[in-house]
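Worksheet for the structure shown next.
This is how it looks when you write it as C-alpha cells:
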C-alpha cells in the first residue's frame, strides 16, 4: 500500500470512529448521574479484575521501548505496576464522587413577555485527546469524559499501543455491562501518524481536541487543527522576588517551585530579582539553588551565560534562568513578553505591589507568596484535571469537569412571538 | 508592486496594528468602569457632532457601490442616515449602561492550606472582527470591546471603506480626549483581501477573531484561522409541529419565525410536521405560509419539489422547506442531522414531548411554544450582542459582554509551598 492510500484508509477509520462517537454521545448526554457513577465504579472494578492482562500488555510496550533504546525517564512514564493500576482505578472512583456538571443551571430569568429562559450545562459531545506515553491518561480522560457526558476519541502514543488497547478493551467491556454504548470510548490507531491530522481536521465530527504533551505536540495540533482545540500545559513560569520580599519565604517558594518536580508545567523556569535587593538576594538565592542541584543561567558573573533563548526556555530540568530587573514594571514587562501565560508568582510583603502584579500580569494563574506548584486541578479542589489551559478562550487554568461542557439555552413559552 | 510584496506589506501593517493593540490592551485592562463609560458617552457625543462628516463619507461608498451595480438590499445595509447615526450613538450609551463584566469574581474559596483562590473576569486582550457591509458593526464592536476592556482590530468590507475610516477616526479622537490610547480601536486595510488572512493567522498577537456575515465568510475564517475563532450566525432553524400542538399557536410562531425578517439567522428555514396531525396541519400551515407570500418547498404534491439540498439550506428569503416526520424521534433526528445548532423550536401541549425535545436537540437555543426570533442578545436581556455563537466552545448563543472576557486565577498566600 502506498502512503497515500494508508492515509486515506486511516482517515476513514478516524471518521468512522467519530461518527460512532457522535451516536454514543447522544445516549451519554441523557444518562443520569447515578448511571454514570455506576459505570465509573464498574470500570474501576474491571481494571482491578483485569490488572494482569493490562500489565502483560504493558510489558510488551516496555520491551519494544527498551529494545529501541528509550531512556529510563520515558520508560518510567510508560511503566504500569499493580500499584499504579490501583491508583488509576481509584482515580475513576474519585471522579464518580465529583459533582455532575451536566444540567447545572448557570443563568436564567423570566423575560418581561413571560418567556422563561435558562442556560444549562450540556456535554460538548465528542472530545478528542492527543497525548504522549503515559497510559494513565487513557483512563483518566475516559473517566472525566464519561462523567461530563462526552464520548472520547483517544489518540495515545504508539509506544503505549499495547497498554492502551488493553485498557480501552477493559473500559469498553465495563460500559457494555452497564448498558452504555461502548463507543463512548474508542482508541484511534497510533501506528499511522496521520491519525492525529485526521482527528484534528474532522470538523463537524469532533467538537474539541485537547492535546496533552510537550510544546512541540501542542503547537502542531493547534496550528493544523480545524476542529477547535484547547492549548494546554506549556509553562514558562516566573518567580519575581520583589524589593519588599521576605527572603526566606522567597527561597522556600523558589526551591519548591523549581525542584519539587522539575518536569511539570507549573515548575519555575526563571527567577527575577528586584535590583533594590539584588546585592543580598542574588547570592542568597543562587546559593540555595546550587545547594539543591540547580544550574543557574544568567548574565551575572559565575553563572552559565544566558541569552534571550533562556528567557523563553521551558527547561523542565534542574536548570533555571536568573535575571535582575529594575523594578516591578520591568518584572511585569519581562513576564508578559516571555511568559507562556501559565503561572506567575511574586513574593512581597507590600500590598500595593501584590495588587499591581496580580492585575497586570497576563496569565492563567497569578500567585502572591505561594508556590507556582499549586496551579493544579486537584490542589484547587476540583478533583482530577484534564489539563491546564494556557489559552484565553473557553477555559483558562486547570480544566476539570465543568470545562468539558458547553451550554444550551432552553426557553419555555406559551405561544410568544416577537413583535416586528 | 507584485501581489506577493503587497501581501507582505499588508501582513506587516496587520501585525503592526496588532502589536499596537496589545500595548493599548494593557491600559484598557486597568481602566475603571467610570472611565470606560465616560469614553463611551464621549464617543457617542463625537459621532453626533461629526454626523455630517460620517454621512459624507457614506455617500462616497454608496456612489461607488451604485456605479458597481450593487443591488438595493445591499445598498440599504451600507446606507447611513442621520437617524441611523443617532441610533448607533445611542447604542454606545446603552453599552455604557450595562454592567461591567471585568473584575467579577466567578468562583473562589479558601483551600485547606489557607490559600485564598479566586477566579476573576479579565479582558481577552486583542479581539479581531471580520464583517460585511454594515458600518454600524464598526461602532457596535468598538463599544462592546471597550466596555469589556479589549482592544479591537476591525476588518470591515471594502464597500464600506470610506464610512469605516470616518467612523474610526471619530472614535479614536474621542478616546484621545479621554486619555485612552487611540489604538484601542484600529481599522485594518480592506483594499487588499489578504488582510483577513493575516489577521486570522496572527497567532500570539490576536487573542480571538469573530467573523460576522454570511456562511461563506464564516467558514473561510474558521477554516484558515490559526487564531482561535468564534463561529457565529449560521442558522438553519427548524420548527417542529408536534402531534399535540395547538395549530393556531403553531401557525402564529411559524409565520413570525419565517416572515418577521427572513434574512436574519434566527429565521425558520424548515417546518417539520408530525405525521399524526399531517392531514389537517399540513394544508393549514401551507395555506398560512402562502398567504404571507412564502414559497413552500417539500416532497408533497403541489409544493416546489424539495431534495436533500433543501433540508440543509439556509434560504434567508421568503422560502421554507416542509417535511412530514413520523414522530418526535424522527424530528430530533432530522434536526440533529441538518440543523446548524442555532435555534430549534417545538410547538406542543404535551409536557413529556417538550422535555424530550429540549434535552435531545443539540443547539444553542431550544424553544418550546415560542418563536425562534427570540434568540437575540437584546431579547434575552443582555443589551447589545457581538454575534450569536453556534459553536460549543467558549460561548454558545447570543454573545454579549461576559462572552468577550477570559478569566484569571488569583491566589493569595503567606508562603505556602506544595508538599512533594
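Protein chains in written order, with this note's numbering: chain X, 1 to 420; chain R, 421 to 840.
Backbone N, C-alpha and C define an ideal beta-carbon position, used for all residues, glycine too.
All figures in this text were calculated on a predicted structure; none of them were measured in a lab.
_Whole-number beta carbon distance between residue 89(X) and residue 44(X), since they are thought to touch under 8 Å_ = Taking the first chain and counting its residues from 1, one reaches residue 44(X) at position 44. Taking the first chain and counting its residues from 1, one reaches residue 89(X) at position 89. Taking the Cβ atoms as the reference, residue 44(X) lies roughly 4 Å from residue 89(X), within the contact range of under 8 Å.
*Inspect the CB distances between the region 734-750 of chain R and the region 707-719 of chain R and report whether three or more fall short of 8 Å.*
Enough Cβ pairs lie closer than 8 Å, so yes.
*Select from the region 347-371 of chain X all residues with a C-beta closer than 9 Å to any C-beta belonging to chain R, and list them in chain order.*
Answer in chain order: 347, 354, 358, 359, 360, 361, 362, 363, 364, 365, 366, 367, 368, 369, 370, 371.
_Suppose contacts are defined by Cβ-Cβ distances below 7 Å. Is residue 751(R) in contact with residue 692(R) by that definition?_
On the second chain, residue 751(R) is found 331 positions in, with the first residue counted as 1. On the second chain, residue 692(R) is found 272 positions in, with the first residue counted as 1. In contact: residue 751(R) and residue 692(R) (Cβ atoms closer than 7 Å).
*In angstroms with no decimal places, state the Cα-to-Cα distance between residue 759(R) and residue 117(X).*
For the purposes of this step, residue 759(R) is identified with residue 339 of the second chain, where counting begins at 1. For the purposes of this step, residue 117(X) is identified with residue 117 of the first chain, where counting begins at 1. So the two alpha carbons sit approximately 21 Å from each other.
_Helix, strand or coil at residue 763(R) according to DSSP, with G and I counted as helix_ = One-based indexing of the second chain puts residue 763(R) at position 343. Correct three-state label for residue 763(R): strand.
*Applying a beta-carbon distance threshold of less than 9 Å, which residues of chain X neighbour residue 827(R)?*
On the second chain, position 407 is the one that residue 827(R) refers to. Result: 364, 392, 395, 396, 397.
*Which residues share a DSSP beta bridge with residue 634(R)?*
Numbered from 1 along the second chain, position 214 holds the residue referred to as residue 634(R). None, per the DSSP bridge assignment.
*How far does the beta strand (DSSP E) with residue 274(X) in it reach, from first residue to last?*
Locating residue 274(X) in the first chain gives position 274, where the first residue counts as 1. Boundaries of the beta strand (DSSP E) around residue 274(X): 268-274.
_Once DSSP output is grouped into helix, strand and coil, what is the label at residue 683(R)?_
Taking the first residue of the second chain as position 1, residue 683(R) is located at position 263. DSSP places residue 683(R) outside both helix and strand once states are collapsed to three, so it counts as coil.
*Secondary structure at residue 560(R), three-state DSSP: helix, strand or coil?*
Taking the second chain and counting its residues from 1, one reaches residue 560(R) at position 140. Per DSSP, reduced to three states, the secondary structure at residue 560(R) is helical.
*asked:* On the DSSP letters alone, give me the boundaries of the beta strand (DSSP E) that residue 183(X) sits inside.
replied: On the first chain, position 183 is the one that residue 183(X) refers to. Where residue 183(X) is concerned, there is no enclosing beta strand (DSSP E), given that its DSSP letter is neither H nor E.
*Assigned secondary structure, residue 825(R) (DSSP; H/G/I helix, E/B strand, else coil)*: In the second chain, residue 825(R) corresponds to position 405, counting from 1. If DSSP states are grouped into helix, strand and coil, residue 825(R) belongs with the strands.
*Using a Cβ-Cβ cut-off of 7 Å, state whether residue 731(R) counts as contacting chain X.*
On the second chain, position 311 is the one that residue 731(R) refers to. For residue 731(R), the answer is no, since every Cβ of chain X falls outside 7 Å of its Cβ.
*Straight-line gap, residue 626(R) to residue 445(R) (C-alpha atoms, nearest Å)*: Position 206 of the second chain, counted from the start, is the residue given in the question as residue 626(R). Position 25 of the second chain, counted from the start, is the residue given in the question as residue 445(R). If I take the Cα positions, the gap works out to 11 Å.
*Looking at the structure shown, is residue 256(X) part of a helix, part of a strand, or coil, going by DSSP?*
In the first chain, residue 256(X) corresponds to position 256, counting from 1. Per DSSP, reduced to three states, the secondary structure at residue 256(X) is helical.
_Rounded separation between residue 250(X) and residue 827(R) - CA only_ = Looking up residue 250(X) in the first chain gives position 250. Looking up residue 827(R) in the second chain gives position 407. Whole-angstrom Cα-Cα distance: 27 Å.
*Going by DSSP, name the residue or residues bridged to residue 551(R).*
Walking along the second chain from the start, residue 551(R) turns up at place 131. For residue 551(R), which the question treats as bridged, DSSP gives the partners 632(R).
*Using the Cα positions of residue 91(X) and residue 145(X), report the straight-line distance between them to the nearest angstrom.*
As a position in the first chain, residue 91(X) is number 91, starting the count at 1. As a position in the first chain, residue 145(X) is number 145, starting the count at 1. Each residue's alpha carbon lies about 13 Å from the other.
*Is the region 402-419 of chain X touching the region 167-178 of chain X, taking contact as three or more C-beta pairs under 8 Å?*
No, the region 402-419 of chain X is not in contact with the region 167-178 of chain X.
*So, helix, strand or coil for residue 505(R), using DSSP?*
For the purposes of this step, residue 505(R) is taken as residue 85 along the second chain, with counting starting at 1. Three-state DSSP puts residue 505(R) in a helix.
*What distance in whole Å lies between the Cβ atoms of residue 569(R) and residue 522(R), which are believed to be in contact at a cut-off of 8 Å?*
Stepping through the second chain from its first residue, residue 522(R) is reached at position 102. Stepping through the second chain from its first residue, residue 569(R) is reached at position 149. Going by Cβ atoms, the distance from residue 522(R) to residue 569(R) rounds to 5 Å, so yes, they are a contact pair.
*Name the chain X residues whose beta carbon is nearer than 8 Å to that of residue 529(R)?*
Sequence index remark: in the second chain, residue 529(R) carries index 109 (1-based). For residue 529(R), the neighbours in chain X by C-beta distance under 8 Å run, in chain order, 381.
*CA-CA distance, residue 673(R) and residue 535(R)?*
The sequence position of residue 673(R) within the second chain is 253, counting from 1. The sequence position of residue 535(R) within the second chain is 115, counting from 1. Whole-angstrom Cα-Cα distance: 53 Å.
*Got a sec: is the Cβ-Cβ distance from residue 373(X) to anything in chain R below 7 Å?*
One-based indexing of the first chain puts residue 373(X) at position 373. With 7 Å as the cut-off, residue 373(X) counts as an interface residue toward chain R.
*Would you kindly work out how many angstroms separate the C-alpha atoms of residue 192(X) and residue 59(X), rounded to a whole number?*
Here residue 192(X) is taken as the residue at index 192 of the first chain, counted from 1. Here residue 59(X) is taken as the residue at index 59 of the first chain, counted from 1. Approximately 22 Å between the Cα atoms of the pair.
*chain X contact for residue 835(R) (CB, 7 Å cutoff)*: Counting from 1 along the second chain, the entry for residue 835(R) is found at position 415. By this cut-off, residue 835(R) is an interface position.
*To which residues does DSSP link residue 739(R) through a beta bridge?*
Here the question's residue 739(R) lines up with position 319 in the second chain. Per the DSSP secondary-structure output, residue 739(R) pairs in a beta bridge with 715(R).
*With a cut-off of 7 Å, does the C-beta of residue 669(R) fall near any C-beta of chain B?*
Judged by its chain identifiers, the structure shown contains no chain B, and its protein chains are X and R.
*Taking the DSSP output, what are the residues bridged to residue 832(R)?*
The residue given as residue 832(R) occupies position 412 in the second chain. Listed as beta-bridge partners of residue 832(R) by DSSP are 368(X), 536(R).
_Beta-carbon contacts of residue 499(R) that lie in its chain and below 8 Å, excluding the five residues immediately before and after_ = Taking the second chain and counting its residues from 1, one reaches residue 499(R) at position 79. Same-chain partners within the cutoff: 478, 482.
*Within its chain, find whatever has a CB closer than 7 Å to the CB of residue 837(R); leave out the 5 residues flanking it on each side and keep chain order.*
In the second chain, residue 837(R) corresponds to position 417, counting from 1. Correct list: empty, nothing qualifies.
*Go through its chain and collect everything with a Cβ distance to residue 435(R)'s Cβ below 8 Å, but skip five positions before and after it.*
Translated into positions along the second chain, residue 435(R) becomes position 15. Scanning its chain for C-beta atoms nearer than 8 Å, with the 5 sequence neighbours on each side dropped, one finds around residue 435(R) the residues 618, 622, 625, in chain order.
*Euclidean distance between Cα positions of residue 402(X) and residue 384(X)*: Taking the first chain and counting its residues from 1, one reaches residue 402(X) at position 402. Taking the first chain and counting its residues from 1, one reaches residue 384(X) at position 384. Residue 402(X) and residue 384(X) have their C-alpha atoms some 12 Å from each other.
*Roughly how many angstroms separate the alpha carbons of residue 596(R) and residue 441(R), rounded to a whole number?*
For this step, residue 596(R) is matched to residue 176 along the second chain. For this step, residue 441(R) is matched to residue 21 along the second chain. Rounded to the nearest whole angstrom, the CA to CA distance from residue 596(R) to residue 441(R) is 15 Å.
*In angstroms, rounded to a whole number, what distance separates the CA positions of residue 657(R) and residue 764(R)?*
Here residue 657(R) corresponds to residue number 237 of the second chain, with the count starting at 1. Here residue 764(R) corresponds to residue number 344 of the second chain, with the count starting at 1. Each residue's alpha carbon lies about 5 Å from the other.
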